[in-house]
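J.:
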């Protein structure tokens with residue numbers, strides 16, 4: 001928290017609020033965090049908070065959109081290799097590193113959907129779009145590997161399941177288990193494509 005929030009311009013204050021909201025929502029849950037708590041954590045006055053953001057739901061939406069950009073960057077970094085098979089497996093290595101972080105509390109998108117999905121249509125829309133984009137990215141890499149498109153959603157489900165399992169179990173074991181399952185699925189798909197092309 002900073003005590004100099006009154007000296008910030010609106011853009012800087014907005015980012016300070018979003019960073020504070022991200023920390024609080026991820027650690028405590030969205031519904032547990034009121035505007036007073038957000039004011040105290042961000043150092044931005046309530047009057048300015050409401051001027052910058054018309055509602056708490058708007059803050060949640062902006063936090064998720066920021067998380068989406070961060071996730072895309074992590075995926076791009078993890079898959080930056082010329083070997084599509086290794087790119088796909090690198091997703092699960094990325095997850096293992098994330099699960100090992102002390103502040104890991106599961107997937108912010110899954111958590112947010114669980115809390116607000118039934119009552120906040122825009123939040124639900126953002127979560128669905130985020131998950132769909134991740135699945136589409138995996139499907140792109142699957143195509144580069146020469147495997148059938150159906151493998152993409154299967155690998156995405158393994159990654160999603162690993163995130164939920166790791167949050168509940170409190171270990172990163174799920175990442176390694178998902179990686180092993182992904183490797184088996186990828187290799188079986190590639191062998192099947194080789195057999196088909198050899199007919």
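Residue numbers (UniProt numbering): 1 to 199. No residue lacks a Cβ here, since even glycine has one placed at the ideal position from N, Cα and C.
Starting from residue 54 and walking both ways along the alpha helix (DSSP H), at which residues does that stretch end?
T.: Here residue 54 belongs to no alpha helix (DSSP H), and DSSP marks it neither H nor E.
J.: For the segment 135-190, which segments carrying the alpha helix (DSSP H) assignment without a break, of at least 4 residues, lie completely within its bounds, in sequence order?
T.: Runs found: 151-169.
J.: Out of 14, 187, 149 and 145, which one is the CA nearest neighbour of residue 81?
T.: 145
J.: Compare the Cα-Cα distances from residue 72 to each of 163, 167 and 91 and report the closest residue.
T.: 91
J.: Mapping the DSSP letters down to three states, classify residue 65 as helix, strand or coil.
T.: helix
J.: Counting pairs of Cβ atoms below 8 Å between the segment 40-58 and the segment 91-103, do you hit three or more?
T.: No, the segment 40-58 is not in contact with the segment 91-103.
J.: Could you check whether the Cβ of residue 8 sits closer than 7 Å to any heavy atom belonging to the ligand GTP?
T.: With respect to small molecules bound, the structure shown includes none, and the ligand GTP cannot be examined in it.
J.: Counting Cβ pairs closer than 8 Å, one from the segment 171-188 and one from the segment 154-163, do we hit at least three?
T.: yes
J.: Within its chain, find whatever has a CB closer than 6 Å to the CB of residue 167; leave out the 5 residues flanking it on each side and keep chain order.
T.: 106
J.: Check each candidate in 68, 186 and 172 and name the one with the smallest Cα separation from residue 147.
T.: 186
J.: Give the C-beta separation of residue 88 and residue 30 to the nearest angstrom, bearing in mind that I take them to be a contact with Cβ-Cβ under 8 Å.
T.: Actually they do not touch by this definition, with Cβ atoms about 32 Å apart.
J.: What first and last residue would you give for the alpha helix (DSSP H) that runs through residue 119?
T.: Neither: residue 119 is in no alpha helix (DSSP H) and is coded neither H nor E.
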